Amino acid sequence: MIRSKSEPVATRDGLRLAVETYRGDGAPTLLFAHGFGQTRGAWNGAAAALAAQGYRCISFDSRGHGESGRASDGDYHMQQFVDDLLTLARAQPEPPVLVGASMGGLLGLVVAGETRPSPFCALVLVDITPRWETKGVERILAFMQAHPDGFADYAEAAEQIAAYLPHRPGRKSEEQLRPLMRAGSDGRLRWHWDPALLAGDLIAESERYQPRLFAAAAQVDVPVLLLSGERSDVVSHSTVEEFLQLVPHARHVEVAGATHMLAGDANDAFTREIAHFIQSLDDAPARPGGRAA
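Right, here's the structure in full:
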């Protein structure tokens, strides 16, 4: 398996997205879309493991995150993120499997449900459903909004991450934190995301997206795997059941011991379930329209 960073991909409105390719020697391609406030680094372990099994894996930083471009006017909208994902999917030689966590999964639902033919051959939704638990999302946003003045050093940032994820052993090293931080002109370290993502209308807009999410989910005609964390505070038994009624051909697997940060909590179980799902696609019966169930 060869890991290489590809050329940036241009969005419809001219931003550049940082894209990384893990070159497996087989199909299908897996396109990984991270959650709000994450980077493509969230997928390093999963993408490397699945590429080692022969799958071509692509991860990217969403606009305003990591090494991707930021809006010059600080104006971010959900439709921009939807368009970016569609651009990346259509850039692949064959429709990829979309592996989307949280925000990335919601974007995948919109693209898969509203685009014909679907630009994906299958969807893996990682701890997200069209209706989510508000308290869990509020906890994530509170972490992102804390410490606007940044940190004096990496040790201070590592301490805050350890407090946010107390169930994980150890603390992140400076090497692990470097891709997640940016040094300001004042010498202080701040998180990699554009502060405008939190200051604008994007968060409120996501709540207003729910009717569109439900409508799109009901139209998804490709195979779907929903992976949820046993200890998640973002999805619950009721939101999962609602989703399975909306998308009756979807499969659901709850990963023991995992929280909303499922891939980071249980990467081996996470990649194993994805591999099983992909291997099952060839045996799935055809759905109306010629796609597999």
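According to the numbering used here, the sequence shown is numbered sequentially starting from 20.
Every residue gets a Cβ at the ideal spot worked out from N, C-alpha and C, and that includes glycine.
All values derive from a computational prediction rather than experimental measurement.
Excluding five sequence neighbours on each side, which residues of the same chain lie with their C-beta closer than 6 angstroms to the C-beta of residue i?
i	result
residue 200	208
residue 282	65, 289
residue 111	48
residue 308	In this prediction, residue 308 has a pLDDT of 42, which is less than 50 and means its spatial position is unreliable; what the coordinates show is noted afterwards. Result list for residue 308: 240, in chain order.
residue 89	83, 213
residue 296	244
residue 235	128, 129, 132, 133
Could you spell out where the beta strand (DSSP E) holding residue i opens and where it closes?
i	result
residue 256	Looking at the DSSP string, residue 256 is not in any beta strand (DSSP E); the run it does join, the alpha helix (DSSP H), is 256-265.
Could you please give me the residues that DSSP links to residue i through a beta bridge?
i	result
residue 116	49, 141
residue 184	Residue 184 is not bridged to any residue.
Hey, how far is the Cα of residue i from the Cα of residue j?
i	j	result
residue 173	residue 189	14 angstroms
residue 26	residue 257	42 angstroms
residue 43	residue 68	10 angstroms
residue 170	residue 270	42 angstroms
residue 291	residue 131	24 angstroms
residue 36	residue 219	21 angstroms
residue 99	residue 30	9 angstroms
residue 80	residue 268	30 angstroms
residue 242	residue 86	32 angstroms
residue 285	residue 248	9 angstroms
residue 237	residue 264	9 angstroms
What are the boundary residues of the alpha helix (DSSP H) that residue i is part of?
i	result
residue 289	286-300
residue 109	97-109
residue 130	122-133
residue 156	153-164
residue 269	First-last for residue 269: undefined, no H or E at that position.
residue 64	63-71
Excluding five sequence neighbours on each side, which residues of the same chain lie with their C-beta closer than 7 angstroms to the C-beta of residue i?
i	result
residue 78	39, 51, 59, 62, 66
residue 166	179
residue 202	208
Could you name the residues of the same chain whose beta carbon sits closer than 8 angstroms to that of residue i, not counting the 5 residues immediately before and after it, in chain order?
i	result
residue 46	74, 75, 113
Requested in this report: Report the residue ranges of all alpha helix (DSSP H) runs contained in full by the region 189-243; include only those spanning at least 4 residues, in chain order.
Outcome: Correct list: 193-196, 215-218, 221-227, 229-237.
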